[in-house]
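Residue numbers (our numbering): 16 to 554. Even for Gly, the Cβ is constructed at its ideal location relative to N, Cα and C.
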């Protein structure tokens, strides 16, 4: 084999391999042209692969973008469906509310002839049916009355005239004694007697089977006086503003600045211990400056800004004269307006936000330097409550009529009424604010309570004593906000009577409310919340 001929070696290779081997063995395989051709071929292959990869990547991006658009469209469709469902539910709710127009009340029965009673025993019958809890407490109250010396029975009216009476040792009895010593003239003006005065009665309660008689007027007897005070304050504001524009007046350029400072300070009131010291101190400083002459202003007769005339005090008290600086009364009015605005803006959404405002109110209107003839000037604030939330003072009306809405304090926005939800938010804030002011505990304070809890009871009574045909959604909203978060203070003041009142307000009263009333359901839900959170079973 080693010595085989060239012809024999050539026969070992197949014919197709000969050109390849021949090209491989050529001398031109390593020249420049061959290398350039190889590089060009490699570059072309590289470009082809790269372009293919780019096409695949772009196609993937297009698919991803398409998927994103589809997902966004799906979400938008879901949102539109949800909004359509909400709109449909709101329309259904509005239709239900429109169908809940109360029927005309039946003609009232002929009033029974009044039966003559001994002096001091006049006792109008409440329009509210006697709750079951009251019946079991009557023998106990009569037994207590027998052990006490007889006393003239004060006038009773309206709410819970047959409810159980608190024992003398309860916090409610102590509050009643304090109230009578503070404002004897208020209680003598034919106002609804609070339950604390019932501890000395031994008369037999009216049987539930008797025909109830409508009271002559459900509105607070001082209601017109509060409206008069409100009008007098409006006139005072005009006079102060006009005086501040007179050239050379000491008020020129100051009234607007002070008014803004007070409003801003009241708007900064918040919860937390010591959080409101700065704002309260600033407002009281401005009030003192207007009172002691640092901010001089013409005097004004104070009697037009209180509901009940006052005689000069026989004790050594500040501000015992007939007049006070007009700027001081004006600034007290600005404080009252700011307090009302805060209740509306903050208390509606969060009832707990009303408490720090109530604390500030008590601090200002209980201060002896800001009183007149030994009593608070809180009638200025109460007058504003009377205008913006009349149901607290016994006013009633049909929410479907113009006059009815005016009677309920429904606000107008230009020529039209504000929406129902906005109205309910206002009423909820005002109800919570009223409770935060009238349920303050002054038992450990040296100051006198400017607005005792008896006013809370009277407002409570004016709502739950409403005849069935006159019950409105506004009353239900206000009543719930008066109770929510304030029930413990109510019970601390009135004991068993408060529990009976809550049972009537949260269980019995909603049953008489208009059909499909959302506020009535909210009252019933509040009873369930009290049972689960505090163990207070009312049903």
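| Check | Outcome |
| --- | --- |
| Proximity winner among 334, 344 and 290, relative to residue 301 (alpha-carbon distances) | 344 |
| Uninterrupted beta strand (DSSP E) stretches inside the region 35 to 95 (no shorter than 3 residues) | none |
| Buried or exposed by the 16-neighbour rule on C-beta atoms within 10 Å, applied to residue 502 | buried |
| Helix, strand or coil at residue 339 [DSSP, three-state] | strand |
| Whole-Å CB distance - residue 392 paired with residue 400, under 8 angstroms assumed | Not confirmed; about 14 angstroms, so no contact. |
| Boundaries of the alpha helix (DSSP H) in which residue 371 is found, first to last residue | 369 to 380 |
| Stretch-stretch touch, CB-based, cutoff 8 angstroms, three pairs: the region 429 to 441 with the region 449 to 469 | no |
| Validate contact between the region 403 to 421 and the region 364 to 377 using beta carbons, cut 8 angstroms, 3 pairs | no |
| CB contact flag (residue 495, residue 450, <8 angstroms) | no |
| One or two residues paired with residue 567 in a DSSP bridge | Residue 567 lies beyond the stretch modelled for the chain, which goes from 16 to 554, so this question has no answer here. |
| Helix, strand or coil at residue 240 according to DSSP, with G and I counted as helix | helix |
| Neighbourhood of residue 470 by C-beta distance below 7 angstroms, restricted to the same chain and skipping five residues each side | 453 |
| Nearest-angstrom Cα separation, counted from residue 254 out to residue 238 | 25 angstroms |
| Reduced DSSP secondary structure (H/G/I, E/B, other) of residue 316 | strand |
| Assigned exposure category for residue 486 - 16 Cβ within 10 Å defines buried | buried |
| Contained alpha helix (DSSP H) runs [length at least 4] in the region 442 to 488, N- to C-terminal order | 469 to 479 |
| CB of residue 525 within 8 angstroms of CB of residue 546, strictly | no |
| Of the listed residues 348, 488 and 402, nearest to residue 415 (C-alpha basis) | 488 |
| Counted within 10 angstroms of its Cβ, other Cβ atoms place residue 518 as buried (16 or more) or exposed | buried |
| Bridge partners - residue 390, DSSP secondary structure assignment | 387 |
| Simplified DSSP assignment, three categories, for residue 278 | helix |
| Of the listed residues 338, 552, 247 and 383, nearest to residue 322 (C-alpha basis) | 247 |
| Cβ-based burial, residue 405 [other Cβ within 10 Å; buried from 16] | buried |
| Secondary structure of residue 550, DSSP reduced to three states | coil |
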